[in-house]
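Written out below as structure tokens is the structure these notes cover.
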DNA sequence: AAATATTTATGAACATGTTCATTTTTACTT
DNA sequence: AAGTAAAAATGAACATGTTCATAAATATTT
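Chains as they are written, first to last, in this note's numbering: chain V, -11 to 230; chain X, -11 to 230.
Written as structure tokens, this is what we have:
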């Protein structure tokens, strides 16, 4: 009786569920099957019935583990980002680096990890644009993953040997987060071979940031600097209050 | 026989259809009804069946005039942009203006015209993010409206009294187009009263551009300038080849 | 005016994401 | 081991965007 009670409470307390083997296994199978199909056919082209059939389960079962079709993609994306975080932690521990280099490496790595899934990740891009969609990276449901990103970017900035004005350094990760959103958006649309265009774009934007940081303390750049800081504040306010 | 032949060909040649009164009328009714419902209930909440019922027609009839639910929104959006173009032509004819002022007015006007439809215009924002969606402003199906925008922005830039390096002046409208996309995206997500945040954001970004233009010919700004030009080229290449 | 062709309209049928009442399986208690 | 409670699974039913074969209305030709 008591044991039972405890277990039940445990369920409600820790979100992650899955204390039972069976369910975890089923969930994993659904996920794997879905990814296979998404990769082979695309997101829109894959039906939930197909997934269920191939996974050898009933249609409704999928919905026990995933709130929607989109959430299948989101959860996978989060998993990849988790790996990215780990990798980044390792990288920033290595020998001193210029911020530009650190950022490029970070973005490149991300592209590389997502490359094979580009096709269906556009489903997320679409969701991103709809504010009220629970899957949107701007919404409150994605706060967790946003924090994750911010953490990574802050680490990259703080651990670089590039000297930055404290005020700017504090806001930079936010700016970079939006930059990253933009780059991913660009990348999703990018049909060039092996996403070379996105790589190029990354180089150029990172260079722009580098150039800016080089001059951002000079008197003549105060206007630019202040405008930029304001813009960042505005951007953040939208994401934070949604 | 000859007349008939001509008419038939005429149909194929000019896209705009609707040489017949009845059809034009029906189309207009569908459009109006749809907008009413979208405004009252929202885009996702309104069903095609509701529209048909309220318009007093059959469900299938809507699809004679609009390829999809989203296209209802797109066509309306295009109509508004048409008006905007007219208004802008008038504005740029007026007394000399600083580019910043011209841009702000342009963006403000746009917000104002779209304000009452913000709720359902997010449907377009969502479509925008999906490259293969025929309704996306980045896709080839929207070339027309993109050109329209570019035209407006070029007019605003060229007619302003602000002096700009020719190389920059040529690329500036492209940059501004992307800025506009960004601002509209921001605006769609913006839940502040009367979209004051978007106005603020507009001010700040336009100011940034102004500040940049003030220094963009100075030797120390050549790095920034070149990076920016490259970024624009990259952005454009994505849109143009899709 | 009759015949024909074209345009416009219809609504049942379809596809697919999602929900939910019901059943089966699993875990726990006595 | 039997009984019970919880978890997991099921698939029919639902909602809704879209299609399509068919019919009605309209315009054109003879």
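Idealized CB from N, CA, C, for every residue including glycine.
To the nearest angstrom, how far is it from the Cα of residue i to the Cα of residue j?
i, j, result
"residue 45 of chain X", "residue 91 of chain V", "57 Å"
"residue 33 of chain V", "residue 153 of chain X", "48 Å"
"residue 151 of chain X", "residue 24 of chain X", "45 Å"
"residue 204 of chain X", "residue 69 of chain X", "31 Å"
"residue 128 of chain X", "residue 147 of chain V", "43 Å"
"residue 77 of chain X", "residue 142 of chain X", "11 Å"
"residue 121 of chain X", "residue 38 of chain X", "24 Å"
"residue 50 of chain V", "residue 210 of chain X", "56 Å"
"residue 164 of chain V", "residue 156 of chain V", "12 Å"
"residue 212 of chain V", "residue 199 of chain X", "6 Å"
"residue 36 of chain X", "residue 84 of chain V", "59 Å"
"residue 15 of chain V", "residue 74 of chain X", "56 Å"
"residue 12 of chain V", "residue 52 of chain V", "11 Å"
"residue 180 of chain X", "residue 124 of chain X", "26 Å"
"residue 111 of chain V", "residue 187 of chain V", "21 Å"
"residue 194 of chain V", "residue 88 of chain V", "6 Å"
"residue 149 of chain V", "residue 79 of chain X", "50 Å"
"residue 220 of chain V", "residue 19 of chain V", "36 Å"
"residue 182 of chain V", "residue 185 of chain X", "38 Å"
"residue 201 of chain X", "residue 29 of chain V", "47 Å"
"residue 192 of chain X", "residue 224 of chain V", "14 Å"
"residue 72 of chain X", "residue 71 of chain V", "47 Å"
"residue 106 of chain X", "residue 206 of chain X", "41 Å"
"residue 86 of chain V", "residue 56 of chain X", "50 Å"
Under DSSP, the alpha helix (DSSP H) around residue i begins and ends at which residues?
i, result
"residue 79 of chain V", "57 to 81"
"residue 211 of chain V", "210 to 229"
"residue 43 of chain X", "36 to 43"
"residue 200 of chain V", "184 to 203"
"residue 50 of chain X", "47 to 53"
"residue 159 of chain V", "154 to 177"
"residue 85 of chain V", "Neither: residue 85 of chain V is in no alpha helix (DSSP H) and is coded neither H nor E."
Do residue i and residue j have their CB atoms nearer than 8 Å?
i, j, result
"residue 58 of chain X", "residue 115 of chain X", "yes"
"residue 196 of chain X", "residue 159 of chain X", "no"
"residue 31 of chain X", "residue 126 of chain X", "no"
"residue 47 of chain X", "residue 54 of chain X", "no"
"residue 82 of chain V", "residue 27 of chain V", "no"
"residue 222 of chain X", "residue 189 of chain V", "yes"
"residue 40 of chain V", "residue 17 of chain V", "no"
"residue 161 of chain X", "residue 145 of chain X", "yes"
"residue 22 of chain X", "residue 117 of chain V", "no"
"residue 208 of chain V", "residue 208 of chain X", "yes"
Check residue i in the structure and name its three-state DSSP category.
i, result
"residue 120 of chain X", "coil"
"residue 111 of chain X", "helix"
"residue 148 of chain V", "coil"
"residue 32 of chain X", "coil"
"residue 125 of chain V", "coil"
"residue 180 of chain X", "coil"
"residue 135 of chain X", "helix"
"residue 92 of chain V", "helix"
"residue 106 of chain V", "helix"
"residue 206 of chain V", "coil"
* Does the region 154 to 171 of chain X come within contact of the region 127 to 138 of chain X, defined as at least 3 CB pairs closer than 8 Å? -> yes
* Kindly confirm or deny that the region 98 to 109 of chain V and the region 170 to 181 of chain V touch, where touching means at least three C-beta pairs closer than 8 Å. => yes
* Is the region 47 to 67 of chain V touching the region 115 to 133 of chain V in the sense that three or more CB pairs, one from each, lie closer than 8 Å? -> yes
* Contact between the region 208 to 228 of chain X and the region 174 to 187 of chain X (3+ Cβ pairs under 8 Å) -> no
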